[in-house]
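Working notes, structure below.
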Amino acid sequence: MIVRNAQQMKSIREAAQVAATVLDKMCALVTPGMNTYDLDQAGRRFIDELEAESACYKYQVGSRIYPAYTCLSVNDEVVHGIGSLDRVLREGDIISVDVCTRYNGYIGDNCRTMPVARVAPDVQRLLDVTEASMYEGIKAARLGNRVGKISHAVQRVVEKGGFSVIRDFVGHGVGRNLHEEPQIPNFGKPGNGPKLREGCVVCIEPMVNMGKYSVKMASDGWTAISADGSRSAHFEHTVIINKDGPEILSVPLGKELPALV
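With my numbering, you'll find the sequence shown wraps up at 323, consecutive numbering, no jumps.
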């Protein structure tokens with residue numbers, strides 16, 4: 063969406079804060095022995111407590127309807143993993159917690175990949191590089207830049223780190239709807255794509271594999287998995303393009319994020 067007035071700015075900021083608050087609370091629960099169904103249900107409770115709605119519950123693509131309140135993707139699962147009583151977290155796992163909420167008609171969207179207790183050094187580096195690539199992409203989200211500037215910034219960090227940027231899923235605009243224009247690929251050339259306009263709200267979300275970038279679909283029809291079985295990480299923020307630079311909106315209530323430099 064393009065924010066055009068103070069009321070819209072207030073509404074999209076509040077929606078993103080709600081999503082970030084739920085994500086923060088869910089990530090604090092990630093421990094060995096927890097199953098992903100219980101984690102999803104905790105997310106449902108947190109969303110209810112904030113008088114919001116899940117924006118992914120009953121999300122429909124063709125004849126498929128998403129059955130969970132959040133997306134919980136473990137290890138080689140890239141995105142859109144569905145919470146399950148049978149999926150019990152173990153030390154050394156990683157889990158991507160993706161929360162999108164609707165609040166007063168506007169949507170906030172954010173994701174973080176968490177280590178379950180201690181993880182192997184190369185797995186931790188995957189998380190660190192993916193998160194760093196997201197922030198480099200955000201810093202490139204400036205008024206007048208093309209979308210490709212974001213894409214190139216993300217890809218450069220990921221590939222320098224020795225990992226692969228997934229092609230099948232991309233970032234996107236957000237506002238009244240979960241997925242709006244423009245699409246924000248995590249790969250590409252700086253001169254590609256539309257120019258970023260003042261007030262444009264986007265989700266910048268690198269999805270990165272340790273191995274090759276190809277993915278395949280699980281039998282549930284939703285969960286995307288790395289084709290070679292390698293681990294995958296996913297970080298995301300909701301961002302607005304202001305005159306003086308990008309601003310991260312997905313900040314938990316009562317907290318602040320470090321300034322972009």
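We treat Cβ as the ideally placed atom computed from N, Cα and C, and that holds for glycine.
Check: The region 232-239 contacting the region 165-178, beta-carbon criterion three pairs below 8 angstroms; Outcome: yes
Check: beta-carbon Pro129 near the ligand FMN non-hydrogen atom, thresh 6 angstroms; Outcome: Questions concerning the ligand FMN fall outside what the structure shown contains, since it holds no ligand whatsoever.
Check: Cβ distance (whole Å) where Asp190 is taken to contact Ile287 below 8 angstroms; Outcome: Asp190 to Ile287, Cβ: 22 angstroms. No contact.
Check: Whether Asp86 touches Pro314 by CB criterion (7 angstroms); Outcome: yes
Check: Cβ-Cβ separation, Thr300 to Cys265 (assumed contact under 8 angstroms), whole Å; Outcome: 6 angstroms
Check: Where Ser276 sits in the DSSP three-state scheme; Outcome: coil
Check: Proximity below 7 angstroms, CB of Ala202 to CB of Arg164; Outcome: no
Check: Other residues of its chain near Glu153: CB distance less than 7 angstroms, five sequence neighbours each side excluded; Outcome: Pro94, Val178, Ala179, Arg180
Check: Identified DSSP bridge partners for Arg164; Outcome: Glu115, Ile169
Check: Alpha-carbon spacing of Asp184 relative to Leu151, whole angstroms; Outcome: 19 angstroms
Check: DSSP-derived helix/strand/coil call for Gly224; Outcome: coil
Check: Cα-Cα separation, Asn207 to Met269; Outcome: 22 angstroms
Check: Beta-ladder partner(s) of Gln122, from DSSP; Outcome: Ile127
Check: Residue closest to Ala81, alpha-carbon to alpha-carbon, out of Asp160, Gly210, Gln217; Outcome: Asp160
Check: Any 3 or more C-beta pairs closer than 8 angstroms across the region 272-281 and the region 70-81; Outcome: no
Check: Buried or exposed by the 16-neighbour rule on C-beta atoms within 10 Å, applied to Ile200; Outcome: buried
Check: Alpha-carbon spacing of Ile228 relative to Leu147, whole angstroms; Outcome: 28 angstroms
Check: Delimiting residues of the beta strand (DSSP E) encompassing Gly199; Outcome: Unbroken run through Gly199 is the alpha helix (DSSP H), 183-201; no beta strand (DSSP E).
Check: Local Cβ density within 10 Å of Asp155, reported as buried at 16 or more and exposed below that; Outcome: buried
Check: Delimiting residues of the alpha helix (DSSP H) encompassing Met71; Outcome: 68-89
Check: Residues near Met196 by beta carbon distance below 8 angstroms, same chain, minus five either side; Outcome: Val216, Ile266, Glu267, Pro268, Phe297, Glu298, His299
Check: Buried versus exposed, by CB contacts within 10 Å (16 or more), Pro247; Outcome: buried
Check: One or two residues paired with Ser326 in a DSSP bridge; Outcome: Because the chain is modelled from 63 through 323, residue 326 falls outside the range shown and cannot be assessed.
Check: Enclosing beta strand (DSSP E) for Pro308 [first to last residue]; Outcome: 307-310
Check: Best match in Glu309, Ala130, Phe249 for proximity to Asp100 [C-alpha to C-alpha]; Outcome: Ala130
Check: Supposed close pair Trp284, Ile144 - CB separation, criterion 8 angstroms; Outcome: 6 angstroms
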